[in-house]
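Participant: For reference, the structure I am asking about is given below.
There are 2 protein chains.
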Amino acid sequence: MDGGTPTRDHNLRIDPRRLWDALMDMAAIGATPKGGVRRLTLTEVDKRGRDHFRKLCEAEGLTVTVDAIGNMFARRPGRDPSRKPVLFGSHLDSQPSGGKFDGALGVIAGLELIRTLNEAGVETEAPLVLCNWTDEEGSRFGHSLMGSGVWAGVYPLPKAYALADSEGVTVEQALESIGYKGEQTAECFPADSYFELHIEQGPILEAEDRLIGIVTGAQAQVWYDAVLTGRDSHAGTTPPLARRDALVGAARIIDLVDRMMRARGEAGRGTVGQLQVLPNSRNVVPGEVRFSVEFRHPDDAELAAIAEAFPKAAQAIADELRLSLTLTELFRFAAQPFDPDCIALVAETAKRRGFSARKIVSGAGHDAVYVARKVPTAMIFIPCKDGLSHNEEESILPEHAAAGAQVLCDAVLARANRRLA
Amino acid sequence: MDGGTPTRDHNLRIDPRRLWDALMDMAAIGATPKGGVRRLTLTEVDKRGRDHFRKLCEAEGLTVTVDAIGNMFARRPGRDPSRKPVLFGSHLDSQPSGGKFDGALGVIAGLELIRTLNEAGVETEAPLVLCNWTDEEGSRFGHSLMGSGVWAGVYPLPKAYALADSEGVTVEQALESIGYKGEQTAECFPADSYFELHIEQGPILEAEDRLIGIVTGAQAQVWYDAVLTGRDSHAGTTPPLARRDALVGAARIIDLVDRMMRARGEAGRGTVGQLQVLPNSRNVVPGEVRFSVEFRHPDDAELAAIAEAFPKAAQAIADELRLSLTLTELFRFAAQPFDPDCIALVAETAKRRGFSARKIVSGAGHDAVYVARKVPTAMIFIPCKDGLSHNEEESILPEHAAAGAQVLCDAVLARANRRLA
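Chains as they are written, first to last, in UniProt numbering: chain A, 1 to 421; chain B, 1 to 421.
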């Protein structure tokens, strides 16, 4: 077939060994003793990861720009400068005790794609842009998908700048301190499409022995901050009826979240991941507990029902224990379907390569979910061991990484070279 | 009556104003914005409190010695050096967000006793020793009543030295860094008796409008450290049945502790005061939770029943959630009755002064509980507002402080001047 179709690029093969080595090099930055990674967003370690990524991109002749929220864009020109670029990538920040592949895989696989093109001397019709989004994890400043959220206009830049970590350092201060508060305006620019390769972070692909997950969209989510206030008192002298124990209240709400999740069966998600007790002394009845609550579900109606029922049930628990409850909804987003054409293209390329694949809904939030609001988007999943992620033991097989990178490569090239109507 | 009987000292009156001013001076050391005190044991602030106390004692002509665990003893000679000294005092350390009077009252009232004797030029038959025990609260190193425990031979000095705070600083390092690792051997010396004045830290005296609590003993206690281990996993992708959520397990155990307490009615005490979640990220199912558990009861048999039932019930919760539980019993002590003669003396002196009084069991642990194992001991309680303690809002009335100090003074003098068989 002719140059406008994906077929021309069929035989471009990514280099599995080079991909794996690059993944391991990145994993060495912020490596933990247990074999994981601690590369919290906008820290000195994140800066080292970013600097390393920039160096590798520039070595491949890419032009790296940074926007005002620290998103990094590495551009490779196309034959037709008038065409909108094809975007791909993911994030380089990690959880406090995260794995080597969550985020890094999508970025490093994008680099491998570029290296494969350069090696083969292939020029694409449309420009290509490899993206590293800022603070996908949300574990330092409490708001995930920050960089892509600002880029997509979902989250205002001043609000993002003002967020502070537990030491009171704001996002803006952190960006300045590591030198990644860029010149470029932090807003979306015209793009043809966006593709993101990521580990599944769940057990499905591994259980069904599939190589590739064709991600059709992401589930709905609602996140809360909760503060329960009772009264500090002496653990030895305060009789049961005189107690206003905020931790007992939190315990019952944690159990409520778990029961509401289980009531939804396999699709249910409900988690209290973060909790702080005050004054946190072993012989003081706790007077205050602060904790996070989140629910997720593939179906908007189910999530809406949860978001309706949960605050009332939590308030009832607080009332019974004479505690005051402040429940703040941090954000709620609807289930986000991806672009049918991009989804079809991922399915088609996986098929062409003979990779076993299945359609899957993303359980996690991803930058792709926000980018999808502005640009036709799809995601590619590969299996991870035991479905384990946000864990230092997170692991994948090199051949799975290679398969995912190959599908990413094929899909991006097909899109960048497609005939435009 | 003659010089050997308490009567001689009847008309020695403590100075309520001087007592209150001295209490407020001490409260200024480590004062918190909310009107409480943060004077954690063996910190720089504790050092300032100790130095201030030493200065005041030496100004009254007392000889201050410090033992190897940092207990401070301020000695006033008696007419008969062959007599064993009468001890009294309490502790100057506080909870992380503690009140002005928990501990400080007993020490400062002891100082007021000395000042009253000096002012009146009264010499006692037996020597007097005012004590400031190290680390009564246990909130920094996790073991309360440390100084009196080592002194009474309940807790070995090397074990105490090895305890570390959350920053890894050991008790021995902390003692050295503030210069209070003393020369004197940390073990009990011959003593006639020990009297400790303290706020009730409970609601009973205030509710019954009594001035003085005649403390007949302390309730039995058992303290645990618990570690629940599950598996960190992604909050968005891990299905309910695949979860091993350590925080859900902790929540159910916290509820169990609360229910076991309430099942004992008014006398029941069960508290989880300290809890830490790992990795403590809002979108990670928690893989580990560490927390404290304590139970108290006036009746040894009831406490034994709790200590028998609780570990099994907690293990069952862990098993059901596929979590591993490590439950370490830190210590258990039996209900400690005080000395009948000392109790009678407190009752008698309160009666002589016309103060309304009642017998009461201490809900809290106190240094007196360990001292009582070696020396005839009694305690004197006064009311505190709303029974509130281990709280910055802890408060008492000056007239209650004065009444308590007067009873302490009368009882100590009676004991120091009594005719010996």
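In this text, a Cβ means the ideal position worked out from N, Cα and C, and glycines have one as well.
Source: prediction; values computed, not measured.
Comparing alpha-carbon positions, which option in A:Arg210, A:Gly268 and A:Leu130 lies nearest Cys384 (chain A)?
Facilitator: Along the first sequence, one-based indexing puts residue 384 (chain A) at 384. Selected option, being the one with the closest Cα: A:Arg210.
Participant: By Cβ distance, which residues of its chain are closer than 7 Å to Tyr194 (chain A), with the 5 residues on each side in sequence left out?
Facilitator: Walking along the first sequence from the start, residue 194 (chain A) turns up at place 194. Leu87, Phe88, Ala368, Val371, Val375 and Thr377, listed in sequence order.
Participant: DSSP puts Asp225 (chain B) in a beta bridge; with which residues?
Facilitator: Taking the first residue of the second sequence as position 1, residue 225 (chain B) is located at position 225. B:Ser292 and B:Thr328, per the DSSP bridge assignment.
Participant: Decide yes or no for the touch test of the stretch 293–304 of chain A against the stretch 220–229 of chain A: beta carbon pairs closer than 8 Å, at least 3 of them.
Facilitator: yes
Participant: Answer yes or no: do Leu163 (chain B) and Val150 (chain B) have a C-beta to C-beta separation smaller than 8 Å?
Facilitator: Locating residue 163 (chain B) in the second sequence gives position 163, where the first residue counts as 1. Locating residue 150 (chain B) in the second sequence gives position 150, where the first residue counts as 1. Not closer than 8 Å, so no.
Participant: Can His366 (chain A) and His234 (chain A) be called in contact, C-beta distance under 8 Å?
Facilitator: Position 366 of the first sequence, counted from the start, is the residue given in the question as residue 366 (chain A). Position 234 of the first sequence, counted from the start, is the residue given in the question as residue 234 (chain A). It is not a contact, given that the beta carbons lie outside the stated cut-off.
Participant: Below 8 Å on the Cβ atoms is my contact criterion, and I expect Val154 (chain B) with Gln95 (chain A) to pass it. Report the Cβ-Cβ distance as a whole number of Å.
Facilitator: Taking the first residue of the second sequence as 1, we reach residue 154 (chain B) at position 154. Taking the first residue of the first sequence as 1, we reach residue 95 (chain A) at position 95. Val154 (chain B) to Gln95 (chain A), Cβ: 44 Å. No contact.
Participant: Out of A:Gly103, A:Arg48 and A:Cys131, state which residue places its alpha-carbon closest to the alpha-carbon of Ala74 (chain A).
Facilitator: Translated into the one-based positions of the first sequence, residue 74 (chain A) becomes position 74. Here the closest residue by C-alpha is A:Cys131.
Participant: Would Glu125 (chain A) pass as a contact of Ala416 (chain A) if the rule is Cβ separation under 8 Å?
Facilitator: Residue numbering aside, residue 125 (chain A) sits at position 125 when the first sequence is read from its first letter. Residue numbering aside, residue 416 (chain A) sits at position 416 when the first sequence is read from its first letter. Annotated as proximal: Glu125 (chain A) and Ala416 (chain A), with beta-carbon spacing under 8 Å.
Participant: For Ala235 (chain B), go through chain A and note every residue whose CB falls closer than 7 Å to its CB, in chain order.
Facilitator: What you label residue 235 (chain B) is simply residue 235 of the second sequence in a count that begins at 1. Correct list: Arg269, Thr271, Gly273 and Glu294.
Participant: Pairing CB atoms from the stretch 108–123 of chain B with CB atoms from the stretch 11–29 of chain B, are three or more of them under 8 Å?
Facilitator: With a cut-off of 8 Å, the stretch 11–29 of chain B and the stretch 108–123 of chain B count as touching, because enough Cβ pairs lie within range.
Participant: Under three-state DSSP, which class holds Phe53 (chain B)?
Facilitator: Stepping through the second sequence from its first residue, residue 53 (chain B) is reached at position 53. DSSP places Phe53 (chain B) in helix when its eight states are reduced to three.
Participant: Going by CA-CA distance only, name the one from A:Gly49, A:Pro85, A:Asp225 and A:Ala307 that's closest to Arg70 (chain A).
Facilitator: As a first step, residue 70 (chain A) is located in the first sequence; it is residue number 70 there, counting from the start. Checking the sequence shown, residue 70 (chain A) turns out to be Gly, not Arg. Checking every option, the nearest Cα to that of Gly70 (chain A) belongs to A:Gly49.
Participant: Taking the alpha-carbon positions, what's the Asp9 (chain B) to Ala350 (chain B) distance?
Facilitator: As a working mapping, residue 9 (chain B) is identified with position 9 in the second sequence. As a working mapping, residue 350 (chain B) is identified with position 350 in the second sequence. Note that Asp9 (chain B) has pLDDT 49, beneath the 50 cutoff, so the model's placement of it is unreliable and the number below is only indicative. Those two C-alpha atoms are separated by around 14 Å.
Participant: Residues of chain B with a CB under 7 Å from the CB of Gly365 (chain A): which are they?
Facilitator: Locating residue 365 (chain A) in the first sequence gives position 365, counting from the first residue. Under the 7 Å cutoff, chain B gives Gly236.
Participant: I want to see whether chain A comes within less than 8 Å of Arg210 (chain B), judged by CB atoms only; does it?
Facilitator: Within the second sequence, numbered from 1, the residue matching residue 210 (chain B) stands at position 210. Not an interface residue.
Participant: Please list, in chain order, all residues of the same chain as Leu247 (chain B) whose beta carbon is under 7 Å from its beta carbon, the five residues on each side excluded.
Facilitator: One-based indexing of the second sequence puts residue 247 (chain B) at position 247. Short of 7 Å from the beta carbon of Leu247 (chain B), and not among the five residues preceding or following it, lie these beta carbons of its own chain, in chain order: Val277, Pro286 and Val289.
Participant: If you reduce the DSSP assignment to three classes, tell me which class Asp209 (chain B) lands in.
Facilitator: Counting from 1 along the second sequence, the entry for residue 209 (chain B) is found at position 209. If DSSP states are grouped into helix, strand and coil, Asp209 (chain B) belongs with coil.
Participant: With the cut-off set at 8 Å, would you say Leu325 (chain A) and Ala263 (chain A) are in Cβ contact?
Facilitator: Translated into positions along the first sequence, residue 325 (chain A) becomes position 325. Translated into positions along the first sequence, residue 263 (chain A) becomes position 263. Cβ atoms of Leu325 (chain A) and Ala263 (chain A): not closer than 8 Å.
Participant: To the nearest angstrom, how far is it from the Cα of Ala401 (chain B) to the Cα of Pro311 (chain A)?
Facilitator: On the second sequence, residue 401 (chain B) is found 401 positions in, with the first residue counted as 1. On the first sequence, residue 311 (chain A) is found 311 positions in, with the first residue counted as 1. Between Ala401 (chain B) and Pro311 (chain A), the C-alpha separation is close to 46 Å.
Participant: Examine chain B for any beta-carbon lying closer than 8 Å to the beta-carbon of Pro190 (chain A), and answer yes or no.
Facilitator: Taking the first sequence and counting its residues from 1, the one referred to as residue 190 (chain A) is at position 190. So, not an interface residue.
Participant: Let me make sure I understand the geometry here. Which of A:Met26, A:Tyr161, A:Ile306 and A:Thr65 has the alpha-carbon closest to that of His52 (chain A)?
Facilitator: Here the question's residue 52 (chain A) lines up with position 52 in the first sequence. Considering only alpha carbons, the answer is A:Met26.
Participant: Beta carbons nearer than 7 Å to chain B: which residues of the stretch 386–398 of chain A have them?
Facilitator: Gly387, Leu388, Ser389, His390 and Asn391
Participant: For a test of the three-state rule: what should DSSP assign to residue 422 (chain B), helix, strand or coil?
Facilitator: With chain B covering 1 to 421 only, the question about residue 422 (chain B) has no answer from this structure.
Participant: Would Val169 (chain A) count as contacting chain B if we go by Cβ distances under 8 Å?
Facilitator: Your numbering for residue 169 (chain A) matches position 169 in the first sequence. So no, Val169 (chain A) is outside the interface.
Participant: I need the straight-line Cα distance from Val122 (chain A) to Val169 (chain A), nearest angstrom please.
Facilitator: On the first sequence, position 122 is the one that residue 122 (chain A) refers to. On the first sequence, position 169 is the one that residue 169 (chain A) refers to. Across the structure, Val122 (chain A) and Val169 (chain A) are spaced so that their CA atoms are roughly 45 Å apart.
Participant: Excluding the five sequence neighbours on either side, which residues of its own chain have a C-beta within less than 7 Å of the C-beta of Thr185 (chain A), listed in chain order?
Facilitator: For the purposes of this step, residue 185 (chain A) is taken as the residue at position 185 of the first sequence. So the list reads Asp67 and Ala68, once near-sequence residues are dropped.
Participant: With DSSP as the reference, label Asn417 (chain A) as helix, strand or coil.
Facilitator: Against the first sequence, residue 417 (chain A) aligns to sequence position 417. Here Asn417 (chain A) sits in helix by DSSP.
Participant: Whose Cβ in chain A lies nearer than 8 Å to the Cβ of Gly142 (chain B)?
Facilitator: For the purposes of this step, residue 142 (chain B) is taken as residue 142 along the second sequence, with counting starting at 1. Arg282, listed in chain order.
Participant: Compare the C-alpha of Leu12 (chain A) against each of A:Leu413, A:Gly270 and A:Arg79 and name the closest.
Facilitator: Locating residue 12 (chain A) in the first sequence gives position 12, counting from the first residue. Taking Leu12 (chain A) as reference, the option from A:Leu413, A:Gly270 and A:Arg79 with the minimal CA-CA separation is A:Leu413.
Participant: Which stretch, first to last residue, makes up the beta strand (DSSP E) that contains Gly270 (chain B)?
Facilitator: Here residue 270 (chain B) refers to the residue found at position 270 when the second sequence is read from its first residue. Looking at the DSSP string, the run of the beta strand (DSSP E) that includes Gly270 (chain B) is Arg269 to Thr271.
Participant: Can you tell me where the alpha helix (DSSP H) with Ala357 (chain B) in it begins and where it stops?
Facilitator: Indexing the second sequence from 1 puts residue 357 (chain B) at position 357. First-last for Ala357 (chain B): Ala357 to Ser362, but that is the beta strand (DSSP E), not the alpha helix (DSSP H).
Participant: Does any residue of chain A have a CB that is nearer than 8 Å to the CB of Leu304 (chain B)?
Facilitator: Along the second sequence, one-based indexing puts residue 304 (chain B) at 304. Contrary to the premise, residue 304 (chain B) reads as Ala rather than Leu in this sequence. No, Ala304 (chain B) does not count as interfacial toward chain A.
Participant: Please classify Gly61 (chain A) as buried or exposed, where buried requires at least 16 neighbouring CB atoms within 10 angstroms.
Facilitator: Taking the first sequence and counting its residues from 1, the one referred to as residue 61 (chain A) is at position 61. By the neighbour-count rule (16 or more Cβ atoms within 10 Å), Gly61 (chain A) is not buried but exposed.
Participant: Let me check understanding here. Comparing Cα to Cα, which of B:Thr32, B:Arg244 and B:Cys57 lies closest to Asp319 (chain B)?
Facilitator: Start at 1 with the first residue of the second sequence, and residue 319 (chain B) comes out as number 319. Measuring from the Cα of Asp319 (chain B), the nearest candidate turns out to be B:Arg244.
Participant: Do Ile306 (chain B) and Met260 (chain B) have their C-beta atoms closer together than 8 Å?
Facilitator: On the second sequence, position 306 is the one that residue 306 (chain B) refers to. On the second sequence, position 260 is the one that residue 260 (chain B) refers to. Cβ distance < 8 Å, so Ile306 (chain B) and Met260 (chain B) count as in contact.
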